[in-house]
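Down below is the structure, laid out as C-alpha cells.
Residue numbers (this note's numbering), protein chains in the order written: chain A, 56 to 325; chain B, 56 to 325.
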C-alpha cells in the first residue's frame, strides 16, 4: 500500500484537533499541515480577506505535492471552500459537510444547535448544509471560547460560566420557540478541547458532534478505509507556520495530543 | 495656524482610544488612522511578523503625507518602534515612553505594575523604559481582556472575574516579594474601556495610568500646545483598514467615543 500525502490547512493551531482525528482514522499517511498563524484569527475577519488567505495557503500545499486537501478551519470552509476548490486541481474536503451529515444522522428531533466563530455563524454554512438534509439549525457565535482555550483554561470556572452564558441564551431561545434540538455541533476546531466541560452543561439528551471526527471519517472512506479509529495510530507530520515556530511547538501538542517535531516557518508575503 | 496632518497606526480598532485622546489634546488637526484589521491581533505574534506589518503600514501613512506618526499599538511600539523609526523620515512617537514617563512621575514607591498583551509583556519594553527612570516594574500579560472588550463585556461580571484573577496573581506576588506598587499602567489600547471596572478592583492607593492619554500629552507638547485636554474638541478623521469597513464602523465608535464616517478599505498584500 502506497503512502498518501495529505494536506491539512488551518488558520492556526486549532486544526491540529482535525489532524489528530485524521491520524487516528487514516494512519500510515504523510501529513503536511499549514497553520496561517501570522494572520489568525480568521473567525472575526471578512469573507474577501479569508478567501484570499485560504487560497494562498491551499495552493502552497498543492505545490508541495499533497494528493488531497482537508480544510480543517471551520471559518475557511464556511466562507472560502468554493474558492479553494476552484483554485486547486486536487480533491478538497472541508469540515462543514461531514459535520452536518453526522449531525443530521444523529438528530431524531430534526433540530440541531451549531456553535462557532462569528464569521462561521454569519456565513450560515452549517444552516444551509443541514437544511438540505431536512434539519433546522440554531446557530450561536461564541467568540470568547477560542481565547479561553488558547489561555489553557479548558477546565476553568470562568470558561464554564462563559459557556453557560452562551448556551443558556441558546436554550432560552429553544424554550421561547418551543423547539427541541438534540444535537450540539462543535463548529470550531478549538471546541473539542472543551468537550468534557460542554458535556457537563448541555442537557443529558443532547448529543455532541465533533466536526473534526466526522471529517476524518469521510477522508477514511474516500481512501477506501473503514471509518473506525485505530488505537496507537502514528503518521509522519510536517508543519508549516507563518508566525513563530516556537509558539506553535509550545501550543500545538495540547491540540494534537503529542509533541510536534518538524515545524518550519514560511512567509506567504502577508 | 496651519493644520497638522498626523498619522495614527494600530493593529485594529483599539488605537482609536489613543486617537480619542489625541483629538482632545491636539484638536483642529487632520488625522489619518491606519487599522491593520486583516492581520490583528499583533499581541500574540512574533517580533519579526509584527515588525514587517508595522513598517508596511507606517510607510503607507508617510506616503499619504503625514508629518508625524503616532504608533498607537503598544505591541507594535514595544517590538517594532526602532524598525519603524529607521524606515521613516518623519518624527515617530510610540505609546511606551510617554506611558512610562507618566508612571515614573506618579509613583512614590518607585514600583509600578504594567498590564498588556503577551507580546508587549514578553518584550519587557515598559520594564526597560521604567528601569531607566529608576522604577521597578512588575509585568503581567492579560490575553483575555482584549477579546472580552471586543465582545462588549466592559462591565460584565465575567470580565470582572478575569481581571480579578489576573490582578490577584500580581498582587499575590507583591505580597510574597514584599514590594508595593502604587501605579497600574494600562499597556494596551483596549484597556481604557475597562478603567471604571479596574478602578473598583485595584487597591485605593494604586493610581491608574493610561498610556493613550500620556501619549496625547507628549504629542501636544511636541507641537507647542499645552498638555491639557480641550472640551468638545473636534478634528478631521480619515481611516484606512485592511479588513471589513463595515465591522470597523460598527466596533470603532465604542473606542473613539463618536461615529466614524470616512473609512476606506486598503490591501497591503497580506
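Built from N, CA and C at the ideal position, the CB exists for glycine as well.
Query, Result
"Hey, quick one: how far does the alpha helix (DSSP H) through residue 105 of chain B stretch, first residue to last?", "102–118"
"Examine chain A for any beta-carbon lying closer than 8 Å to the beta-carbon of residue 244 of chain B, and answer yes or no.", "no"
"Report buried or exposed for residue 313 of chain B, applying the criterion of at least 16 other Cβ atoms within 10 angstroms of its Cβ.", "exposed"
"Which of the three DSSP states, helix, strand or coil, is assigned to residue 191 of chain B?", "strand"
"Measuring only the C-alpha atoms, how far is residue 261 of chain A from residue 238 of chain A?", "5 Å"
"Using a Cβ-Cβ distance under 8 Å, would residue 106 of chain B count as near chain D?", "The structure shown contains no chain D; the protein chains it does contain are A and B."
"Does chain A have any CB closer than 8 Å to the CB of residue 217 of chain B?", "yes"
"Determine the chain B residues that contact residue 298 of chain A at a beta-carbon separation under 7 Å, and present them in chain order.", "100, 101 and 104"
"For chain B, is any of its Cβ atoms less than 8 Å away from the one on residue 308 of chain A?", "no"
"Inspect the beta-carbon positions of residue 126 of chain B and residue 64 of chain B and report whether they are closer than 8 Å.", "yes"
"If we count the other Cβ atoms within 10 Å of its Cβ and call it buried at 16 or more, is residue 78 of chain B buried or exposed?", "buried"
"Could you confirm whether any beta carbon from chain B is found closer than 8 Å to the beta carbon of residue 302 of chain A?", "yes"
"The beta strand (DSSP E) that contains residue 60 of chain A, what's its start and end?", "60–65"
"Within a Cβ cutoff of 8 Å, which residues of the same chain sit near residue 114 of chain B, ignoring the five residues on either side of it in sequence?", "142 and 143"
"Would you list the one or two residues that DSSP bridges to residue 319 of chain A?", "A:295"
"Take every Cβ of the segment 150–169 of chain B, pair it with every Cβ of the segment 219–235 of chain B, and state whether three or more of those distances are shorter than 8 Å.", "yes"
"Strictly under 8 Å for the Cβ-Cβ distance: is residue 251 of chain A near chain B by that measure?", "no"
"Kindly list the residues whose CB is nearer than 7 Å to the CB of residue 100 of chain B, restricted to its own chain and excluding five residues on each side of it in sequence; keep chain order.", "174"
"Would you please state the rounded distance, in angstroms, between the beta carbons of residue 241 of chain B and residue 220 of chain B? I believe it to be under 8 Å.", "Rounded, the Cβ-Cβ distance is 17 Å, inconsistent with contact."
"Please determine if the segment 147–163 of chain B and the segment 300–316 of chain B are in contact, where contact requires at least 3 C-beta pairs separated by less than 8 Å.", "no"
"In whole angstroms, what is the alpha-carbon distance linking residue 96 of chain A and residue 202 of chain A?", "10 Å"
"Distance, Cα to Cα, residue 112 of chain B vs residue 131 of chain A?", "25 Å"
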